[in-house]
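Top line first, the protein sequences correspond to chains W and P.
In terms of my numbering, the first sequence is residues 654 to 907.
In terms of my numbering, the second sequence is residues 3 to 465.
Cβ atoms here follow ideal geometry from the backbone N, Cα and C, with glycine treated the same way.
Just so you know, these numbers come straight off a predicted model, no measurement behind them.
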Amino acid sequence: MADQEDDLEPAPTGEQAAVKQGPVAILTQVEKTYQLDSVSVPVIKGVSILVRHACFTVLLGPSGSGKTTLLNMIGCIDKPDKGEIIVADTKVGELSDDELSDFRAKNIGFIFQNFNLLPVLSAYENIEYPLLLAGASAKKRGTRVPRLLEAVGLSDRAKNLPGQLSGGQRQRVAIARALARKPKLVIADEPTANLDSQTGAAILNLMRRMVERYEISFIFSSHDPEVIKAADDVIHLKDGLIQKIQRKGFGDAS
Amino acid sequence: MMTLNLAIRNLLRNRRRSLATLVAMSIGCAAILLFGGFSGNINYELHTRIVQRGGHLQIQHRDFYLYGSGNPTAYGIDNYEKIIKAIQEDDVLNKMVVVATPSLQFGGIAGNYAASVSRTVIGNGYVPEDINRMRAWNDFGLRSKAPLSALEGSSLDAAVVGIGVARVLQLCSELKIENCPKPETETRSDGNALPADIAQLSNLESPSAAATGNTNRVEVLVVNAKGAPNVTSVNVIRAEDQGVKELDEVSLIMHLEKIQQLIYGRTEPKVTAIILQLRHSNQVAEAKERLRPILDKFSTKQPLAIQDFRDLNPFFVQTVQMFDTIFGFVFVLIGAIVLFTVSNTMNTAVVERTVEIGTLRAIGLRRSGIRSLFVIEGTLLGFFGAVLGVVLAFIVSAIVNNMNIPWLPPSNVEVVPLTILVAGETKMIVGTTIGLICIAIASAWWPSHRAAQMKVVEALRHV
Numbered sequence: 654m655a656d657q658e659d660d661l662e663p664a665p666t667g668e669q670a671a672v673k674q675g676p677v678a679i680l681t682q683v684e685k686t687y688q689l690d691s692v693s694v695p696v697i698k699g700v701s702i703l704v705r706h707a708c709f710t711v712l713l714g715p716s717g718s719g720k721t722t723l724l725n726m727i728g729c730i731d732k733p734d735k736g737e738i739i740v741a742d743t744k745v746g747e748l749s750d751d752e753l754s755d756f757r758a759k760n761i762g763f764i765f766q767n768f769n770l771l772p773v774l775s776a777y778e779n780i781e782y783p784l785l786l787a788g789a790s791a792k793k794r795g796t797r798v799p800r801l802l803e804a805v806g807l808s809d810r811a812k813n814l815p816g817q818l819s820g821g822q823r824q825r826v827a828i829a830r831a832l833a834r835k836p837k838l839v840i841a842d843e844p845t846a847n848l849d850s851q852t853g854a855a856i857l858n859l860m861r862r863m864v865e866r867y868e869i870s871f872i873f874s875s876h877d878p879e880v881i882k883a884a885d886d887v888i889h890l891k892d893g894l895i896q897k898i899q900r901k902g903f904g905d906a907s
Numbered sequence: 003m004m005t006l007n008l009a010i011r012n013l014l015r016n017r018r019r020s021l022a023t024l025v026a027m028s029i030g031c032a033a034i035l036l037f038g039g040f041s042g043n044i045n046y047e048l049h050t051r052i053v054q055r056g057g058h059l060q061i062q063h064r065d066f067y068l069y070g071s072g073n074p075t076a077y078g079i080d081n082y083e084k085i086i087k088a089i090q091e092d093d094v095l096n097k098m099v100v101v102a103t104p105s106l107q108f109g110g111i112a113g114n115y116a117a118s119v120s121r122t123v124i125g126n127g128y129v130p131e132d133i134n135r136m137r138a139w140n141d142f143g144l145r146s147k148a149p150l151s152a153l154e155g156s157s158l159d160a161a162v163v164g165i166g167v168a169r170v171l172q173l174c175s176e177l178k179i180e181n182c183p184k185p186e187t188e189t190r191s192d193g194n195a196l197p198a199d200i201a202q203l204s205n206l207e208s209p210s211a212a213a214t215g216n217t218n219r220v221e222v223l224v225v226n227a228k229g230a231p232n233v234t235s236v237n238v239i240r241a242e243d244q245g246v247k248e249l250d251e252v253s254l255i256m257h258l259e260k261i262q263q264l265i266y267g268r269t270e271p272k273v274t275a276i277i278l279q280l281r282h283s284n285q286v287a288e289a290k291e292r293l294r295p296i297l298d299k300f301s302t303k304q305p306l307a308i309q310d311f312r313d314l315n316p317f318f319v320q321t322v323q324m325f326d327t328i329f330g331f332v333f334v335l336i337g338a339i340v341l342f343t344v345s346n347t348m349n350t351a352v353v354e355r356t357v358e359i360g361t362l363r364a365i366g367l368r369r370s371g372i373r374s375l376f377v378i379e380g381t382l383l384g385f386f387g388a389v390l391g392v393v394l395a396f397i398v399s400a401i402v403n404n405m406n407i408p409w410l411p412p413s414n415v416e417v418v419p420l421t422i423l424v425a426g427e428t429k430m431i432v433g434t435t436i437g438l439i440c441i442a443i444a445s446a447w448w449p450s451h452r453a454a455q456m457k458v459v460e461a462l463r464h465v
């Protein structure tokens, strides 16, 4: 599989691109029910949303509101029971498991609350891994990985294993890994929840910069007021339903 | 390459568990190889003794194998010397055949009439020099050597008997046989038991014990080729352990020329078998093929057949099969232990790394990639476990072989140093290594399949 992008140079301007590009994800009447023993628990009850290109979108809601489930479905690691999901102009419901894997590798980056770095790989190798999965050449990897390390401020920690890094540093590696293939969308499930407020703010700034620099859409679940302040779009969820959508420059919508 | 790299690092990450699995595997592998080396050596010992005594091939009258025991001399081979000459002159066979020698089997009665004892015997007449050349055959490089026949260089009337024959004929003290208590059953030993007619016949052939004063002399009564009884007196020069009690009780070995004189008199002598010993046992099939047209020339008046040493010694085949079966059983048993050990290790790894599996799947690794990762880990465990096992088996076998522990293999007549043949047994080593690697792969397959089938969200949610 060849890479479409040759490097991680910033896009001309985020706003211009956002106007030119369509939404990165469209969810139409999506429903999801979990079966817990003999009890059916509806988690998402007919949600329709649109995730804009090169925007910082936050899913906001109390525990059990369906934020993570919705993120998982947008990230193509879970499937809805009903409704349609289009990510990067692809109806993901029609893809086979292998096609979905390839699709995720190419289009979606993940940042987890617990970082989820591979403990046996160094910071450099963790960032390199998605590129290896994509079959990127050694030359390309050799160019891109140091740039990403530099972008997240960890050039001097390239050889460290995750166990030798602090929480904030691990999350920076996770961000760099998520950005390695320059995906169209990055899914981040409470990325600052396990960090202290100062580190969390720094990580948030970093991600914000990445959105602007690389024209990548970020979609978060979070309770963190700082995250909400930094967001372009805020989607309020409650009991599996959308309560309100706030879009910067567009006002509120229900 | 990345998957291999990741697999190696994952194995190194849990060093203690990987090491425990490797130790279990290597001990299992070494146990298989040591048993294989031990049983293989027994097979080689048996194989070598059989070839040393009876050669690889025997040319016999077609019916001799099935009916010859009743009256061996009725199945004699005419022109045996010409047959041997033809074999020796064949361009291909002369390169394969080490010894081509005639033998004559006969049945008769051996009597020590000075002690008033006699017994039926099954005799063989050989060319002693050829017999001793055959006993030098050692294609497998065994450390033990077969004892040479005492007949070589002896007078024509010399004979060698089985220990059981010597015991019954009360030749123990003369032949210095141990474990030979005098039987409680009284036997007459008035020295006049030799019937006059037999004594007369015997004296025609050679001087009797009574005449020479040699107490080792035994009268041998046979039926000659014309059906008449004939007797000769032989000088028993040694009693040899035949390795099997039944054979020990009846064996009498004489010079071929002597027994031919006794059976065929002045008529053309015959033999009951032409023994062919080849350089290597794997030449049997080729030699058989080459022999057929030669034998056809001599089969116009006598149907000849070629028997190989496996046909002639069903005990050997049964022993090899028995050890092969036990080896297979041991392999299956240890293979099962390896299967459960590796499977347990891989199952634990899958449980421990569930979140990692979810992460890898989320960032785009296919199910097959997850499966490959765990299968490669199992394969590496299998490979290194087997290699360590081979090294361990080499070390243990070298130690045991250098200790020179004496033991008596089945059907052997002499105590030999206990030998475990691992070095040089390439087929066994490669077979066991590949077998164990395959078992390790099979044991890793199910956990890897389970890992690959995990739902990404459930794997990521795992605590």
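For residue i, which option in the options has the closest C-alpha, if you only look at C-alpha atoms?
{"i": "Glu-291(P)", "options": "Met-98(P), Asp-326(P), Glu-259(P), Asp-80(P)", "result": "Met-98(P)"}
{"i": "Asn-12(P)", "options": "Ile-439(P), Leu-383(P), Arg-281(P)", "result": "Leu-383(P)"}
{"i": "Gln-896(W)", "options": "Ala-678(W), Cys-708(W), Val-692(W), Leu-713(W)", "result": "Leu-713(W)"}
{"i": "Ser-370(P)", "options": "Arg-64(P), Gln-107(P), Trp-448(P), Ile-44(P)", "result": "Trp-448(P)"}
{"i": "Ser-893(W)", "options": "Gly-728(W), Glu-865(W), Val-694(W), Pro-676(W)", "result": "Note that residue 893(W) is Gly in the sequence shown here, rather than Ser. Among Gly-728(W), Glu-865(W), Val-694(W), Pro-676(W), the Cα nearest to that of Gly-893(W) belongs to Val-694(W)."}
{"i": "Gly-30(P)", "options": "Ala-425(P), Val-393(P), Ala-461(P), Gln-455(P)", "result": "Val-393(P)"}
{"i": "Val-398(P)", "options": "Leu-423(P), Leu-223(P), Val-415(P), Val-377(P)", "result": "Leu-423(P)"}
{"i": "Glu-259(P)", "options": "Ile-365(P), Glu-354(P), Leu-171(P), Tyr-128(P)", "result": "Tyr-128(P)"}
{"i": "Arg-51(P)", "options": "Val-418(P), Ser-450(P), Met-430(P), Tyr-77(P)", "result": "Val-418(P)"}
{"i": "Ala-758(W)", "options": "Pro-815(W), Asn-767(W), Val-839(W)", "result": "Val-839(W)"}
{"i": "Asn-96(P)", "options": "Arg-281(P), Gln-309(P), Ile-276(P), Lys-247(P)", "result": "Arg-281(P)"}
{"i": "Leu-703(W)", "options": "Arg-810(W), Ile-872(W), Asn-760(W)", "result": "Ile-872(W)"}
{"i": "Phe-66(P)", "options": "Leu-367(P), Asn-45(P), Ala-275(P), Asn-126(P)", "result": "Ala-275(P)"}
{"i": "Leu-802(W)", "options": "Ala-833(W), Phe-768(W), Gln-817(W), Asp-750(W)", "result": "Ala-833(W)"}
{"i": "Asn-181(P)", "options": "Asn-7(P), Val-123(P), Ala-241(P)", "result": "Ala-241(P)"}
Going along chain W, which residues have a C-beta under 8 Å from residue i?
{"i": "Leu-375(P)", "result": "By Cβ distance, chain W contributes nothing, its closest Cβ being about 11 Å from Leu-375(P), past 8 Å."}
{"i": "Leu-8(P)", "result": "Leu-771, Val-773, Leu-774"}
If the cut is a Cβ gap below 8 Å, which residues of chain P does residue i touch?
{"i": "Arg-757(W)", "result": "Ala-364, Ile-365, Gly-366"}
Can you check whether the C-beta of residue i is within less than 7 Å of a C-beta belonging to chain P?
{"i": "Ile-727(W)", "result": "no"}
{"i": "Asp-656(W)", "result": "Only weak support exists for where Asp-656(W) lies, its pLDDT of 42 falling under 50; the value from the coordinates is given anyway. False, the Cβ-Cβ gap to chain P never drops below 7 Å."}
{"i": "Asp-877(W)", "result": "no"}
{"i": "Gly-893(W)", "result": "no"}
{"i": "Asp-636(W)", "result": "Within the shown structure, residues of chain W are numbered from 654 to 907, placing residue 636(W) beyond reach of any answer."}
{"i": "Ser-754(W)", "result": "yes"}
Residues of chain W with a CB under 9 Å from the CB of residue i: which are they?
{"i": "Met-4(P)", "result": "Glu-778, Glu-781, Tyr-782, Leu-785, Leu-786"}
For residue i, which residues in chain P fall below 9 Å Cβ to Cβ?
{"i": "Phe-871(W)", "result": "Residues of chain P passing the Cβ test: none, with the nearest at roughly 16 Å."}
{"i": "Ser-693(W)", "result": "Under the 9 Å cutoff, chain P gives no residues; its nearest Cβ is about 17 Å from Ser-693(W)."}
Report back the beta-carbon spacing between residue i and residue j to the nearest angstrom; my notes put them in contact at under 8 Å.
{"i": "Gly-719(W)", "j": "Ala-831(W)", "result": "22 Å between Cβ atoms; not a contact."}
{"i": "Gly-113(P)", "j": "Glu-251(P)", "result": "Wrong, their Cβ atoms sit about 15 Å apart, outside the cutoff."}
{"i": "Asp-132(P)", "j": "Val-101(P)", "result": "5 Å"}
{"i": "Thr-381(P)", "j": "Ile-443(P)", "result": "5 Å"}
{"i": "Gly-57(P)", "j": "Phe-311(P)", "result": "7 Å"}
I want to see whether chain W comes within less than 7 Å of residue i, judged by CB atoms only; does it?
{"i": "Arg-15(P)", "result": "yes"}
{"i": "Arg-312(P)", "result": "no"}
{"i": "Arg-11(P)", "result": "yes"}
{"i": "Val-459(P)", "result": "yes"}
For a contact meaning CB atoms closer than 7 Å, what does residue i contact in chain P?
{"i": "Asn-769(W)", "result": "Val-357, Thr-361"}
{"i": "Phe-763(W)", "result": "Ala-364, Ile-365"}
{"i": "Asp-750(W)", "result": "Arg-369"}
In chain W, which residues lie less than 7 Å from residue i when you measure between Cβ atoms?
{"i": "Leu-383(P)", "result": "Under the 7 Å cutoff, chain W gives no residues; its nearest Cβ is about 16 Å from Leu-383(P)."}
Where are the alpha helix (DSSP H) runs, 4 residues long or more, that stay fully inside the segment 363-407 of chain P, in chain order? Unbroken alpha helix (DSSP H) runs of no fewer than 4 residues, entirely contained in the segment 363-407 of chain P, are found at 369-405, following chain order.
With a floor of 4 residues, list each alpha helix (DSSP H) that falls wholly inside the segment 274-324 of chain P, ordered by position along the chain. 286-300, 311-314
Quick check for students: name the residue ranges of the beta strand (DSSP E) that lie wholly in the segment 48-82 of chain P, counting only runs of 3 or more. Counting only runs of 3 or more, we get 59-63.
What ranges does the beta strand (DSSP E) occupy inside the segment 693-719 of chain W, keeping only unbroken runs of at least 3 residues that lie completely in it? 709-713
Taking only runs that begin and end inside the segment 73-137 of chain P, name each unbroken beta strand (DSSP E) of 3 or more residues, in chain order. 99-114, 119-128
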